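>
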Amino acid sequence: MSHGDVRRLYRLKEGVHSVRTASGEVVLAAWPHLQEMGRLTAEQRSLLQVLATDRSAEKLTERCPRDQADRLLAMLSSGGWLITTVVCGDRPLFSSQPLVPHRKPLPPAEPRRLSRFASVRRDGDAIVVESPAAGAEVRLYDSRLVEPVLTLGAAQQERPDVPLEAVRLLTDELAHRGFLATTAETNSLSSVQWSPHELAFHHGSRLRGDHRMGRDFGGSYWAKGRFDAPPGKHPRWPAAAIELPRPDLDRLRVQDPALTEVMEERCSIRSYDEDNPLTVEELGEFLFRTARVRATGTDAEGLDVSSRPYPGGGAAYELEIYPLVRNVRGLDAGLYHYAPHGHRLLPVPASATALRWLMKASAAGMTGEATPQVLLVIATRFGRLAWKYQAMGYALTLKHVGVLYQSMYLAATAMRLAPCALGVGDSDAFAAATGLDYFEETSVGEFALGSLPAARRESTG
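Mind the numbering: the sequence shown is residues 1 to 461 in the UniProt record's numbering, read in order.
(1) Whose C-beta lies closer than 8 Å to the C-beta of V305 among residues of the same chain, with five residues either side of it excluded?
(2) From V377 to P277, what distance separates their C-alpha atoms?
(3) With DSSP run on the structure shown, which of helix, strand or coil describes E130?
(4) Using C-beta distances below 7 Å, list every residue in its chain close to G218, excluding the 5 sequence neighbours before and after it, in chain order.
(5) Taking Cβ positions, are V86 and R8 nearer each other than 8 Å?
(6) Roughly how many angstroms lie between the CA atoms of K360 and A448, to the nearest whole one?
(7) Should the region 327-340 be regarded as contacting the region 404-412, the criterion being three or more beta carbon pairs within less than 8 Å?
(8) Could you round the C-beta distance between P92 and G135 to whole angstroms and report it? I think they count as a contact, below 8 Å.
(9) Write down every uninterrupted run of the beta strand (DSSP E) in the UniProt domain "Cyanobactin oxidase ThcOx second" (113-207) whose length is 3 residues or greater and which is fully enclosed by it, in chain order.
(10) For W31 and R292, what's the separation of their Cα atoms in angstroms?
(11) Can you give the beta carbon distance from V27 to M37, rounded, assuming they're within the 8 Å contact cut?
(12) For F288, is the classification buried or exposed, using 16 other Cβ atoms within 10 angstroms of its Cβ as the cut-off for buried?
(13) Could you tell me the boundaries of the beta strand (DSSP E) in which A361 lies?
(14) For C420, count neighbouring C-beta atoms within 10 Å of its own C-beta (all shown protein chains included) and say buried if the count is 16 or more, exposed if not.
(15) What residue from L331, G302, L60 and F382 has the CA that sits closest to E320's CA?
(16) Compute the distance between the beta-carbons of L152 and R122, then report whether it is under 8 Å.
(17) Applying the 10 Å Cβ sphere with the 16-neighbour rule, what's the burial state of R20?
(18) In the DSSP assignment, find the beta strand (DSSP E) that holds Q35 and state where it starts and stops.
(19) Check whether the region 426-435 and the region 249-256 touch, using three or more Cβ-Cβ pairs below 8 Å as the test.
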């Protein structure tokens, strides 16, 4: 196959509209982006219409003088409006779709090699090359192009049915769009500080120019009609429930310290009074104040929703709390699931080995020698969010962990208990202890709780 068979095709991204103002200037729009194109000739305006489908530069110049067509293509390319597809004959080899119109990638370092932020994955029948540091998404339609991507910088050999010209165009596109390693990637704190998975997570879970709110991002209810909505109540743990004591909210409204006092006194406490441990009454009050279900309902699309003391996106409340009890007066040691609809504890059968692993892995995030009197493992039934939200569900569940942490801190401080949010945990240990499907329900946070040390209790009156 000759190199002459390789050519570029151009088309506008989906959802791009052109508007001609009263002054005769043309504006391109695709929410949330606008670009003023200035005064275009009639021929150039006609090209905007035909670019709804793939067109080669040669076909475009049949409708418009070459210099005008080249100028328009340059403007569209620099603005991030064009999808470019490289074909060999009639066979597409790869395409490049800009994601961030005005991001200017740094020049690649020499020798050329793939950035540590880049990843290669399958999407349907295509192979996607993506990077949160790049300004485009490149899709490979011929699997033989994967090797040249992964071996950038090495001498390229002619491949059957894949001309070297196509490989050269692909390499140049990767370099132009920011997929290759730069000097700043290894020498600048702003780049080195990011691990690849953290930058990819940040990039993927924020609203971007290529995200369409309500269609492929946000609360689109994309799973409705395809999967049943996960129920509001946890479907597992049939063991006999342990009813938890309920506090008198009217009394608490009168006797609780003021919010300002609680917020100013809040701190992490990593030691406990083992002679006077946390009681089941205190644990019950703590869970009632922070995580119980106050009311239930169903949203317009059929998702079970509820009201709880802490805020939750879409009122879906996907978080589940598993108290791992070590020393609580009035309650046997072991792992429990907190059922917020009825304010109960349900014993979770788990081996002693699995529970030791779970406690040790979480307590590793604490300084000092103390072990929590009760470790509250926070898990997410992710499908409760993912049934509604696209691309942002996991970021949302982590935000929910944060607001639940703060609610727990404030309640524990008001109750004169010892709270401490933990920064690490082992999701494999949680799966081993509970027997739950890692992909259906997984741990995302841990919170240590216990009684105040005697000295601290006396100092605070």
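The beta carbon of each residue, even a glycine, is placed where N, CA and C say it ideally should be.
Since we're looking at a predicted model, the values are computed, not measured.
In short:
(1) Around V305: G232, T296, G297, T298, D299, G314, A315, A316 and Y317.
(2) The C-alpha of P277 is placed about 19 Å away from the C-alpha of V377.
(3) Under the three-state reduction of DSSP, E130 is assigned to strand.
(4) Within the same chain, G218 has close Cβ partners Y389, Q390 and M392.
(5) Yes, Cβ-Cβ distance for V86 and R8 is below 8 Å.
(6) Computed Cα separation, rounded: 12 Å.
(7) In short, these stretches do not touch, since the Cβ pair count stays below three.
(8) The pair is not a contact, with the Cβ atoms about 21 Å apart (cut-off 8 Å).
(9) With a minimum length of 3 residues, the continuous beta strand (DSSP E) runs that stay inside the UniProt domain "Cyanobactin oxidase ThcOx second" (113-207) are 119-123, 126-130 and 136-140.
(10) Between W31 and R292, the C-alpha separation is close to 40 Å.
(11) Confirmed, Cβ separation roughly 7 Å.
(12) That one is buried.
(13) Where A361 is concerned, there is no enclosing beta strand (DSSP E), although the alpha helix (DSSP H) it sits in stretches over A352 to A363.
(14) Under this definition C420 is a buried residue.
(15) Per the Cα distances, F382.
(16) Taking 8 Å as the Cβ cut-off, L152 and R122 do not qualify as a contacting pair.
(17) Taking all protein chains in view, the Cβ of R20 is surrounded by fewer than 16 other Cβ atoms within 10 Å, so the residue is classified as exposed.
(18) Q35 -> beta strand (DSSP E) spans H33 to G38.
(19) No, the region 426-435 does not touch the region 249-256.
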